[in-house]
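Trainee:
Number of protein chains: 2
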Amino acid sequence: MGTTQLETVPEPKYWHLKTVLSDALDSEFSVGEVLPNERELAARFGVARATLRQALEQLELEGRLQRRRGVGTTVAPPRMGVAVGPERHSWPGSGGDAWQPVDCEAGTAPAAIARVLGVSPDETVHIVRRNRMTRGQPVAAELLYVPTSAVPGGVTADVQGGTARVRAVLRELQRLDLEGQDRAVELGSARAEDAKQLDRLPGAPVLVVTTRYFALGRTVAVAVATYRADTCRLTFDEGESPRLAATGDGAYAR
Amino acid sequence: MGTTQLETVPEPKYWHLKTVLSDALDSEFSVGEVLPNERELAARFGVARATLRQALEQLELEGRLQRRRGVGTTVAPPRMGVAVGPERHSWPGSGGDAWQPVDCEAGTAPAAIARVLGVSPDETVHIVRRNRMTRGQPVAAELLYVPTSAVPGGVTADVQGGTARVRAVLRELQRLDLEGQDRAVELGSARAEDAKQLDRLPGAPVLVVTTRYFALGRTVAVAVATYRADTCRLTFDEGESPRLAATGDGAYAR
Numbered sequence: 000m001g002t003t004q005l006e007t008v009p010e011p012k013y014w015h016l017k018t019v020l021s022d023a024l025d026s027e028f029s030v031g032e033v034l035p036n037e038r039e040l041a042a043r044f045g046v047a048r049a050t051l052r053q054a055l056e057q058l059e060l061e062g063r064l065q066r067r068r069g070v071g072t073t074v075a076p077p078r079m080g081v082a083v084g085p086e087r088h089s090w091p092g093s094g095g096d097a098w099q100p101v102d103c104e105a106g107t108a109p110a111a112i113a114r115v116l117g118v119s120p121d122e123t124v125h126i127v128r129r130n131r132m133t134r135g136q137p138v139a140a141e142l143l144y145v146p147t148s149a150v151p152g153g154v155t156a157d158v159q160g161g162t163a164r165v166r167a168v169l170r171e172l173q174r175l176d177l178e179g180q181d182r183a184v185e186l187g188s189a190r191a192e193d194a195k196q197l198d199r200l201p202g203a204p205v206l207v208v209t210t211r212y213f214a215l216g217r218t219v220a221v222a223v224a225t226y227r228a229d230t231c232r233l234t235f236d237e238g239e240s241p242r243l244a245a246t247g248d249g250a251y252a253r
Numbered sequence: 000m001g002t003t004q005l006e007t008v009p010e011p012k013y014w015h016l017k018t019v020l021s022d023a024l025d026s027e028f029s030v031g032e033v034l035p036n037e038r039e040l041a042a043r044f045g046v047a048r049a050t051l052r053q054a055l056e057q058l059e060l061e062g063r064l065q066r067r068r069g070v071g072t073t074v075a076p077p078r079m080g081v082a083v084g085p086e087r088h089s090w091p092g093s094g095g096d097a098w099q100p101v102d103c104e105a106g107t108a109p110a111a112i113a114r115v116l117g118v119s120p121d122e123t124v125h126i127v128r129r130n131r132m133t134r135g136q137p138v139a140a141e142l143l144y145v146p147t148s149a150v151p152g153g154v155t156a157d158v159q160g161g162t163a164r165v166r167a168v169l170r171e172l173q174r175l176d177l178e179g180q181d182r183a184v185e186l187g188s189a190r191a192e193d194a195k196q197l198d199r200l201p202g203a204p205v206l207v208v209t210t211r212y213f214a215l216g217r218t219v220a221v222a223v224a225t226y227r228a229d230t231c232r233l234t235f236d237e238g239e240s241p242r243l244a245a246t247g248d249g250a251y252a253r
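Chains A and B are the protein sequences, given in the same order. The first sequence runs 0 to 253 under numbering that gives the first Met the number 0. The second sequence runs 0 to 253 under numbering that gives the first Met the number 0.
1) Starting from the N-terminal side, write out each stretch of the alpha helix (DSSP H) that is 4 residues or longer and does not extend beyond the stretch 116–154 of chain B.
2) For the stretch 188–226 of chain A, list the alpha helix (DSSP H) runs that are entirely contained and at least 4 residues long, ordered along the chain.
3) Figure out for me which residue from P120/A, P76/A, V207/A, P11/A has the closest Cα to the Cα of G106/A.
4) Using DSSP with H/G/I as helix, E/B as strand and the rest coil, what is E61/B?
5) Taking 8 Å as the cut-off, decide whether the C-beta atoms of K17/B and Q57/B are in contact.
6) Hey, quick one: how far does the beta strand (DSSP E) through R232/B stretch, first residue to last?
7) Taking the beta carbon of E239/B as the centre, do at least 16 other beta carbons fall within 10 Å, making it buried, or is it exposed?
8) Start and end of the beta strand (DSSP E) containing G161/A?
9) For D176/B, which three-state DSSP category applies?
10) Under the DSSP definition of a beta bridge, which residues are partnered with A82/A?
11) Would you mind sorting G125/A into buried or exposed? The rule is 16 or more other CB atoms within 10 Å of its CB.
12) Identify, in the order they occur along the chain, each residue of the same chain with its Cβ nearer than 7 Å to the Cβ of R199/A, setting aside the five sequence neighbours on each side.
13) Which residues does DSSP list as the beta-bridge partners of G71/B?
14) For A47/A, collect the residues of the same chain with a Cβ closer than 8 Å to its Cβ; drop the 5 residues on either side in sequence, then sort them by chain order.
15) For D176/B, count the other beta carbons within 10 Å of its own beta carbon; 16 or more makes it buried, fewer makes it exposed. Which is it?
16) Compare the Cα-Cα distances from G95/B to each of P137/B, T218/B, A82/B and report the closest residue.
17) How many angstroms separate the CA atom of G216/A from the CA atom of A183/A?
18) With DSSP run on the structure shown, which of helix, strand or coil describes A183/B?
19) Would you report the Cα separation of V219/B and T123/B, rounded to the nearest angstrom?
20) What does DSSP give as the partner residues of V33/B in its beta bridges?
21) I want to verify the contact list: residues of chain A whose CB lies under 7 Å from the CB of G95/B, in sequence order.
22) Helix, strand or coil, according to DSSP, for D96/B in the structure here?
23) For T234/A, I'd like the list of residues in its chain whose CB is within less than 8 Å of its CB, leaving aside the five on either flank, ordered along the chain.
24) Return the bridge partner residues of D102/A from the DSSP annotation.
25) List, in order along the chain, the chain A residues whose C-beta lies closer than 8 Å to that of E185/B?
26) Got a sec? Which residues, its chain only, sit under 7 Å from G152/A by beta carbon, not counting five neighbours each side?
27) DSSP on W14/A, reduced to helix/strand/coil?
28) How would you call N36/B, buried or exposed, if buried means at least 16 neighbouring beta carbons within 10 angstroms?
29) Look up T50/B in the DSSP assignment and say whether it is helix, strand or coil.
30) Using a Cβ-Cβ distance cut-off of 8 Å, determine whether S188/A contacts chain B.
31) For A110/A, collect the residues of the same chain with a Cβ closer than 7 Å to its Cβ; drop the 5 residues on either side in sequence, then sort them by chain order.
32) For A228/A, does the three-state DSSP call read helix, strand or coil?
33) Run through DSSP, which three-state label would V19/A get?
34) Taking C-alpha atoms, which residue in L186/A, V208/A, R68/A, Y212/A lies nearest to K195/A?
35) Count the other C-beta atoms from every protein chain shown that fall within 10 angstroms of the C-beta of G31/A, then say buried if there are 16 or more, exposed otherwise.
36) I want to verify the contact list: residues of chain B whose CB lies under 7 Å from the CB of G45/A, in sequence order.
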């Protein structure tokens, strides 16, 4: 978000290069354009390849550049604002939900999730996988963990097909009285399976949104949603923002 | 958040190593302990240094490891839950605010911020710097941009001292009728000045929270808060979560 300096601080060499490159992106390149290769760029700016690479990494972190397999480094479009938790008074899968069901399996939850759910690590939980698309691009992959004990009715092994099982689990959840939910956001790295869904390399930085759903006086479901950090800005609408003319995505655009 | 596999996918070598290392951290190391050096670790796990380094980078992204200047790589404590926007019905600096005033200068806003504020890039704005500490550690550095035209009364150049100027600007803001605010979270890299405040290296991954404050029918202030991504999990309390016995920080702990 800019480079305003409140006082003079020593900056590493790649940092200055980053600012210069960033200006060049604004003035000489358009969105989607492929950058010259590293050798050419290093020569043009008179820096070592290692310095150039550090600057490119920074610009990638900040969402200015994208590196894509088989394409190279391109100028990124402004990040998309993706609303997190607009359906916060309802269960996952309720009407207007932005998620598409993918698959559902019975399994065990990772230890940290089992703790949050208050179940033992070897207790069977439904593991629901859903994806979220925005403007035709995959933006998030979600795993929703629901202990089988929380939704005893209706979801049996004889429900065939991944998406049918997803719908059956969500339907059972929706029968419970939702008492509340909360959310946390943290930095993570894309697991192999999520990376595939998101068209990213495993280990790419992602924003992990963990949502806890409360019913029956306890946590009955935990969703771990992995958002692409390169293309997404997560927006939290607190239901009290007046509609201003300039509150669209473009308002944040560089 | 665990390594649940819904189907078999090929994983890069460092990914498997990451899982093995993660288990070793759980079973053999305690929080704050310094890891053996890269050469020793590579030898122990029978991998190339480059593979090891990739795995360590992943674990750092996920908040399992910390790299500190002059200390080396240590086992990180669980991330702290840091509430974002608990004061969402009030102006910055209102009672109970978690931020400490640092400094205030007159300057111009970065182009993107000027656009959000609806001012021209050369219009003078107050730039308020504040820091946030949690449990004695710096967790966030904030720049709050307020056009001088939005707070015409009282804040003059003859208010001496950084924190006095911060308070003067915030006091003027608080006289306006707050109509609402919204928030967005995205990945960024620490600018040199923020890095210094946060005790990080410039360019370290950070979570950038941008808050827009609405009054007088427009956006009158924009706060850009840079949170340490290694130590913080941002929590969003939507004011509707029932108080459960297990909703503390530890509930997410690994």
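Heads up, the beta-carbon is just placed ideally off N, CA and C, and yes, glycines get one too.
Mentor: Taking the geometry as given:
1) none
2) 191–197
3) P120/A
4) coil
5) yes
6) 231–235
7) Summary for E239/B: the model assigns pLDDT 47, below 50, so the residue's position carries little reliability; its value from the coordinates is reported in the next sentence. The residue is exposed, with fewer than 16 neighbouring Cβ atoms inside 10 Å.
8) Careful: G161/A lies outside any beta strand (DSSP E), inside the alpha helix (DSSP H) at 161–173.
9) coil
10) T234/A
11) Looking at the sequence provided, one finds His at residue 125/A rather than Gly. Per the 10 Å Cβ criterion, buried.
12) A189, R227
13) R67/B
14) A41
15) exposed
16) A82/B
17) 20 Å
18) strand
19) 13 Å
20) T73/B
21) Those within 7 Å of G95/B in chain A number zero; the least Cβ separation is about 18 Å.
22) coil
23) G80, V81, A82, V83
24) R128/A
25) G62, R78, L206, A228, C231, R232, L233
26) E171
27) helix
28) exposed
29) helix
30) yes
31) P120
32) coil
33) helix
34) R68/A
35) exposed
36) Here the premise fails: no neighbours, minimum Cβ distance about 20 Å.
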